[in-house]
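Visitor: Take this structure, written in C-alpha cells, and hold onto it; I'll ask about it next.
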Amino acid sequence: MSKVLRKIIDGRVFGIGKNIAGIFKKAVIIPAATFYGRILFVLGSLFYNSPERSLEIIGITGSSGKSTTLKMALKIFEDQSIPVAGLNSSKIEVILKDGSWTRDLGGKPVGQLALQKFLRKAANLGIRYVMIELSPKDIVKNRFAGLMFKCAVLTNINRSHAVNERSFTGDLKAHVKFFRKCAGTHIINLDDHYYSDFMNIPCGKRITYGMTGGMVNQESLNLKLNLAGDFNIHNALAAVAIANACGIDEEKAASSAANIKTIPGRMEFLDYGQSFKIVIDYARTPDSLEAAYRALKSYGRKMIGVIGASGGKERWKRPVLGCIANAYCDEIILTSEDPRGEDPLLIIEDIKAGIPRDNVHLVADRGDAIKKAILMAKRGDIVVITGKGDETKMAVSGLRTIPWSDKETAAKLLIES
C-alpha cells in the first residue's frame, strides 16, 4: 500500500477524517456462515453425480488481481490446446479445442446447485481443469463448501475491502482458512507482505513466485508484458505458476502471458482513431484504483477520471476513492455504478466528501458521464473509466439489473464523434 493511500485511509488527508470516521462507525461485519452451503453441495453433488471427482479444481483468492490472473491462466491453457473452464462472479468461460463460449452471470454469486450443474457440463465436455475465483466473502459464506481444490492460489493481501482492523483480520483468516482446506498445491506470492502467514500451512507441494525471488520469477523468465501496470506482472507470474502446477512448460506459459495484448475490462485501451487515450478498468477498491491511476498517469498529458461507487455496501470507501481520484486526476467526473436502489446522488456526495476541490463534475447518468469525459478530452489526454470493467449489466434496484457496458457505450460515442 502506498504512502498516499495509507494517509487517505487513516483519514489524515485534506481534513476529511471526521467524514470517514462517521462512515466507519456505521459499518456492519458479515456474520459467519452456517452449514447451509455444505448441505446444498451434497444435494447438488448427488443430483449431478459428483462431477468434481473427475475434475482438478484450482481456486484463486486474494484481495485483487484474481480475475486477471484467471483470464491469463485460461489463455495459457488455450494456447496449449488444453480444454479448461473458469468461473468468477462475472461470467463462466469454457475453452475447448474446437471453440469456446461464455455465460454472463451479471455479478451475482453462483449458487451451489448451479455450480454443480456447471461442473457436470465441464466434465461431460472432457474438461480436466476448472479455475474458480474466490473472495473472502465466498469463503466465509461457504459458497464453495465441499469442493476439493487441487490447487490454492494467492494473488495478494491488502486492506481494500476492509472497513477496519477487525474486518481486515477476518479477510486474512478467510484466505488462510481456504489454504488450510487445500491439501494439494499452494501457490504463494513472495512479494506480498503477508506471504509468511501461508508458508507453513501443510500442503502436498508449494510453488512460490515473485519479481526476483520464488520458484517462478520475473527475473529468470525475463517476462515482459504488453499490458500496462507492474501489478500485471505479478498476475502473469501467478498464472504461469498455475500452468506449472498443471504440468505446462514454464517457458511456454510465460510466452503465452507475454503475448496477451489485452484483457477485457482490465486496463483495456480503446482505439477508434481518437487523438487521446481511453481506458476501461474494473478497479473499484482503493488499492486497485490507485494502482490503475499510478500505472496510467504517464500515458497522458491530462488524466480525466470517470468514477462511481456501488450502492448498498461499503459506504466507508466512497470518500477514500474520492481522495485517490483527487490525488491523480486532473478532471474528475462522479457518476453511478450499480446503485442497487440507493440514490445515486447520495452515493456521489459520499465520494465527493473525499475531494477538497470545487471543480468536480457530478453526472448521475453513467452514459452522460462517459460522454462528458470524451468531449472534455483533448489531444494527448487520457480518459480512465473505472468500476465496471467488462461487466454487461448494472444493478439498479433490489435484484433488478439493466444491460450496460462501459466499453460499448464509449465505443459508440467515439465512433459518432
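Add 17 to a position in the sequence shown, counting from 1, and you land on the number used in the working numbering. Here a beta-carbon is modelled for each residue, glycine too, at the ideal position from N, C-alpha and C.
#1: Hey, could you find the ends of the beta strand (DSSP E) GLY116 is sitting in?
#2: Among residues of its own chain, excluding the 5 on either side of ALA412, which ones have a beta-carbon nearer than 6 Å to its beta-carbon?
#3: Using only alpha-carbon positions, find the residue among LEU416, ILE372 and ALA308 that is nearest to ILE250.
#4: Under 8 Å by Cβ, that's how I've got GLY394 and VAL400 pegged, so tell me the actual separation to the nearest angstrom.
#5: Please go through the region 69-145 and give each complete alpha helix (DSSP H) segment of 4 or more residues, from N-terminal end onward.
#6: Going by Cα to Cα distance, which pick from ILE109, LEU113, LYS389 and LYS108 is closest to VAL101?
#7: Taking 8 Å as the cut-off, decide whether the C-beta atoms of MET165 and GLY103 are in contact.
#8: Is it the case that the Cβ atoms of PRO153 and ALA191 are separated by a distance below 8 Å?
#9: Going straight from the alpha carbon of TYR226 to that of GLU366, what length do you get?
#10: Check for me: the beta strand (DSSP E) holding ASP298 runs from which residue to which?
#11: Between ILE368 and ALA326, which are expected to be in contact by the criterion C-beta below 8 Å, what is the C-beta distance as a whole number of angstroms?
#12: Answer with buried or exposed for ALA38, where buried requires no fewer than 16 other C-beta atoms within 10 angstroms of its C-beta.
#13: Give the secondary structure of SER414 by DSSP, where H, G and I count as helix, E and B as strand, and everything else as coil.
#14: Contact between the region 297-307 and the region 372-387: three or more CB pairs below 8 Å?
#15: In or out: PRO420 buried (at least 16 other Cβ within 10 Å) or exposed?
#16: May I ask you to list the residues that DSSP assigns as paired with CYS7?
#17: Along the chain, where does the beta strand (DSSP E) containing GLY322 start, and where does it finish?
#18: Between which two residues does the beta strand (DSSP E) containing LYS222 stretch?
#19: With DSSP run on the structure shown, which of helix, strand or coil describes ILE259?
Guide: Here's the rundown:
#1: Here residue 116 is taken as the residue at index 99 of the sequence shown, counted from 1. It spans 116-121 - the beta strand (DSSP E) in which GLY116 sits, taken as one unbroken run.
#2: Position 395 of the sequence shown holds residue 412. Correct list, in chain order: ASP355, ARG357 and THR418.
#3: Along the sequence shown, read from residue 1 onward, the residue named residue 250 stands at position 233. Of the listed residues, the one whose Cα sits closest to ILE250 is ALA308.
#4: In the sequence shown, residue 394 corresponds to position 377, counting from 1. In the sequence shown, residue 400 corresponds to position 383, counting from 1. Here residue 394 is Ala; the residue named in the question, Gly, does not match the sequence. Correct: roughly 5 Å between the Cβ atoms.
#5: 83-96 and 129-141
#6: As a first step, residue 101 is located in the sequence shown; it is residue number 84 there, counting from the start. Minimum Cα distance to VAL101 is reached at LEU113.
#7: For the purposes of this step, residue 165 is identified with residue 148 of the sequence shown, where counting begins at 1. For the purposes of this step, residue 103 is identified with residue 86 of the sequence shown, where counting begins at 1. Contact flag unset, no.
#8: On the sequence shown, position 136 is the one that residue 153 refers to. On the sequence shown, position 174 is the one that residue 191 refers to. In this structure, ALA191 lies closer than 8 Å to PRO153 by Cβ.
#9: Residue 226 sits at position 209 when you count from the first residue of the sequence shown. Residue 366 sits at position 349 when you count from the first residue of the sequence shown. Going by the C-alpha atoms only, they are around 41 Å apart.
#10: Start at 1 with the first residue of the sequence shown, and residue 298 comes out as number 281. Here the beta strand (DSSP E) through ASP298 covers 294-298.
#11: Reading the sequence shown from its first residue, position 351 is the one you call residue 368. Reading the sequence shown from its first residue, position 309 is the one you call residue 326. At roughly 6 Å, the Cβ-Cβ gap stays under 8 Å, so ILE368 and ALA326 are in contact.
#12: One-based indexing of the sequence shown puts residue 38 at position 21. The pLDDT assigned to ALA38 is 46, lower than 50, so where the model puts this residue is not dependable; a value taken from the coordinates is nonetheless given after this. Counting Cβ neighbours within 10 Å, ALA38 comes out exposed, since fewer than 16 surround it.
#13: Reading the sequence shown from its first residue, position 397 is the one you call residue 414. Three-state DSSP puts SER414 in a strand.
#14: no
#15: Translated into positions along the sequence shown, residue 420 becomes position 403. Per the 10 Å Cβ criterion, exposed.
#16: The chain is shown from 18 up to 434; residue 7 falls before or after that span and cannot be answered.
#17: Numbered from its first residue, the sequence shown carries residue 322 at position 305. Looking at the DSSP string, the run of the beta strand (DSSP E) that includes GLY322 is 320-324.
#18: Sequence index remark: in the sequence shown, residue 222 carries index 205 (1-based). Start and end: 222-227.
#19: As a working mapping, residue 259 is identified with position 242 in the sequence shown. In the structure shown, ILE259 sits in a helix (DSSP, three-state: H, G or I).
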